[in-house]
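Protein chains: 2
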Amino acid sequence: MHHNLHIVFIGAGNLATNLAKSLHQHHFKIDQVYSRTEDSAKLLANAVGAEYTTHLEDVLLHKDLYIISLRDGAFLELIPQIMEQKSDALVVHTAGSIPMDVLKPYTQRCGVLYPMQTFSKSRAVEFDTIPFFIEANNEEDKDLLISIASELSSKIFEADSAQRKKLHLAAVFASNFANHMYSLSAEILQKYGLPFESMLSLIDETTRKVHQVQPHKAQTGPAIRNDQDVMNEHLNMLKDMPDIQAIYKLLSSSILNHKSDK
Amino acid sequence: MHHNLHIVFIGAGNLATNLAKSLHQHHFKIDQVYSRTEDSAKLLANAVGAEYTTHLEDVLLHKDLYIISLRDGAFLELIPQIMEQKSDALVVHTAGSIPMDVLKPYTQRCGVLYPMQTFSKSRAVEFDTIPFFIEANNEEDKDLLISIASELSSKIFEADSAQRKKLHLAAVFASNFANHMYSLSAEILQKYGLPFESMLSLIDETTRKVHQVQPHKAQTGPAIRNDQDVMNEHLNMLKDMPDIQAIYKLLSSSILNHKSDK
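Quick note, the sequences are listed as chains A and B, same order.
Here full-length UniProt numbering is used: position 27 in the first sequence is 27, and no number is missing along the way.
Here full-length UniProt numbering is used: position 156 in the second sequence is 156, and no number is missing along the way.
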C-alpha cells in the first residue's frame, strides 16, 4: 500500500509546498524537506511533520520516492549532486519544461509528476480538479505515480516530455500572462486612485465565458472592433507608462490580426 | 414609476443586446430597436417585444429614454443625426471611453449608463454583480438612471467621464487582453492537437487567486523566476509563430521589470 511510502521533497517552493501539504493531508509520509533556504525548508517541514535540511549531502538515503521541485535552472545544475546514491530510488520531478531524460543517467526508476496549476504558498489550492500529467521510465513506476496522484485528483493523464513542454508553454499564456494583464490593470487603477476590486466581476465573467465559448470568439473590446478612436485615446493615456503602452499596442494589433485569421 | 418609461435602443450589439434583455426581464418597456444591420435589429427587437428600424430617421420621437450603444466611431459620426428632435428627451450612452459632453450640444438631459462587463450575444450575463457607472447632466436624471440601474444590479456607482475612461482602460487589460492570452494559448494547443479544455482548471484558479492576493503578488511562471532556460526553450518553440514569440518576449520582460518595482 503506497501510504507506507517514505517521501522526500527536494525543494520547498510554491508547487512543492502545495503538493507536499496535499500528500500529507492524504496520509502520505513525508520524511524530509530540503531547501537551500532554511526558512522555506523549516516552514514546509513543520507543516507536513517532516525533518528538514539545507544541505543536499544530508538528504536521507534509501527512501521510496524523491520529489524534486526546484527552479529549473537550479535543478539542472544540481542534478548530479541530488542523484548521488539514488540509483535504486524512484526519483521524479514536477517541472513542465524539463524532459524526464535528465534523470535517466542516474537511475532506471525516474518519472515526472506535473500538476498543471499556479501555486502560491499563501493560498491552499484544491487539488481535486487539477490535471496531473504523468510519465515514468517503466510501467510499474508509472502505475505507482498514477495511483498516488489519483488520491489527490480525479484528472490524471499520461503525457510524455514533448507533450508536457507544449502544455507548459500554453499554460504560461493562459495563466502567467493573463495574470500579468491583471497586474497591469491594477497598476493603471492604482495610478488613478481607483480600486482593483472594481475589475473582479469583469474578470470572473471573462473566465466563465471561455468555459462555453472558444476564446477567440469571446473576444470583445476596442481592438477586435478596430475602434481606432478609443485605442488612440488609450495609447495617449499611457504615454507616461511607455512599457505598458508598448504592450497595449502589440496586443491590440495581435487581436486584430487573429481576427482576420479566423 | 419608471416601469412606465418608454425606452428606445440605438444599437443592437453585444452590450445593447444584454442590457435590453435584462431591462425587458425587469418589466421595462422597450418600444423600438435601431440597428444599421437588419438581422441584429430584428433579433433584439423580437427578444424584447419591440419594433425595429434600420433607418435613423424612423426612430420614434418623444420617448422617455434613448440608450445609445454603438461602436464608438459610428456613434461619434452619427450623433447629429441621432440627436435630431431629441432636445427634450433623456439620452444616454453606454460607452466607457466617450465623455458625456458629446451629447450636451443637443440636449440638457443627457447621461451615461456604463455597465463594466464583457458581453457576447450568445451568452446571457447575470447583471446583479456588474458594476454600473452612472453620470448625468442634472440631479433628477441621475436619480432616475440610478433607480433604473438599481433594478438590474446591486453595484451602482457614480463616475464622471474622466474616471470612466480610466476604468475602461484598466478593463481592456483585465478582460480583453487577458482573454487574448487565452486565445493565444488555445492557438498553441491547437497547433499541437491538444485541447484548450486542459487549461480551464488553471484559468479558474488564476482568477480565484486575485480575489485574495494582489495580482503582482500572485504572479508565477518562468518570467517572475527569471528562469532563462525555460524562457529560451519556449521562445524556440515559438519560432514559427513570430507574432506570438514577440508577445512572449515583451510580456516576460515586463513581468520581470515589474517585479523589481515592487
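Glycine included, each C-beta is placed from N, C-alpha and C at the ideal position.
For clarity, every value in this text was computed on a predicted model and none was experimentally measured.
- In the structure shown, B/LEU65 falls within a strand segment according to DSSP collapsed to helix, strand and coil.
- Excluding five sequence positions before and after B/GLU151, the CB atoms of its chain that fall closer than 7 angstroms to its own CB belong to HIS26, given in chain order.
- Taking 4 residues as the minimum length, the alpha helix (DSSP H) runs contained wholly in the segment 7-69 of chain B are 14-25, 38-48, in order along the chain.
- CA-to-CA, the gap between A/ARG208 and A/THR129 works out to about 16 angstroms.
- With fewer than 16 other CB atoms across the displayed protein chains lying within 10 angstroms of its CB, B/ASN232 is exposed.
- The shortest C-alpha to C-alpha distance from B/MET199 to any of B/ASN179, B/LYS217, B/ALA218 is the one to B/ASN179.
- Within chain B, the residues THR220 have their CB atoms less than 8 angstroms from the CB of A/PHE119, given in chain order.
- With a cut-off of 8 angstroms on Cβ pairs, the segment 134-149 of chain B is not in contact with the segment 41-56 of chain B, counting fewer than three such pairs.
- Distance check between B/LYS86 and each of B/ALA95, B/LEU65, B/MET100 places B/LEU65 closest, using alpha-carbon atoms only.
- DSSP places A/HIS180 within a helical segment (H, G or I) once states are collapsed to three.
- For the segment 76-98 of chain A, the set of positions with a beta-carbon nearer than 7 angstroms to some beta-carbon of chain B reads LEU76, SER97 in chain order.
- If you draw a straight line from the Cα of B/ASP72 to the Cα of B/VAL172, it is about 15 angstroms long.
- In the three-state reduction of the DSSP assignment, A/ILE134 falls in the strand class, which pools E and B.
- In this structure, the alpha-carbon of A/SER22 lies about 29 angstroms from that of A/THR206.
- Cβ neighbours of A/SER154 within its own chain (closer than 8 angstroms, five residues either side excluded): ASP128, THR129.
- Spatial neighbours of B/VAL210 in its own chain (CB-CB distance under 8 angstroms, excluding positions within 5 residues in sequence) are listed in chain order as ALA218.
- Classified as exposed, B/LYS239 has fewer than 16 neighbouring CB atoms from the shown chains inside 10 Å of its CB.
- Counting only the Cα atoms, B/GLY96 lies some 6 angstroms from B/ARG164.
- In the same chain as B/PRO99, and ignoring 5 residues on each side of it, the C-beta atoms closer than 7 angstroms to its own belong to SER161, in chain order.
- Excluding its 5 nearest sequence neighbours in each direction, B/LEU189 has C-beta neighbours in its own chain below 8 angstroms: PRO195, PHE196, SER198, MET199, listed in chain order.
- Bounds of the beta strand (DSSP E) holding B/LEU113 are 110-115.
- B/PHE119 is the residue among B/GLU38, B/ARG225, B/PHE119, B/LEU5 whose C-alpha sits nearest the C-alpha of A/ILE203.
- A straight line joining the alpha-carbon of B/PHE132 with that of B/LEU167 spans about 11 angstroms.
- Counting every other CB atom within 10 Å of its CB across the protein chains shown gives B/GLN108 a total below 16, marking it as exposed.
- For A/VAL213, the nearest beta carbon of chain B is closer than 8 angstroms to its own beta carbon.
- A distance below 6 angstroms between beta-carbons, with the five flanking residues on each side excluded, links A/LYS29 to the following residues of its chain, in chain order: HIS6.
- Of all alpha-carbon atoms in A/ALA186, A/ASN226, A/ASP101, A/ALA136, the one lying nearest the alpha-carbon of A/ILE244 is that of A/ALA186.
- Going by C-alpha positions, B/ARG225 is about 40 angstroms away from B/LYS121.
- Under the 8 angstroms criterion on CB atoms, B/HIS55 is classed as non-interfacial with respect to chain A.
- By the Cβ neighbour-count rule, B/ALA124 is exposed, with fewer than 16 other Cβ atoms within 10 Å of its own.
- Annotation: the continuous beta strand (DSSP E) that includes A/VAL91 extends over 90-93.
- In this chain, the alpha helix (DSSP H) harbouring B/ILE82 covers 72-82.
- Of the other Cβ atoms in all chains shown, 16 or more fall within 10 Å of the Cβ of B/THR94; this residue is therefore buried.
- Linking B/THR17 to B/GLU158 through their CA atoms gives a straight-line distance of about 23 angstroms.
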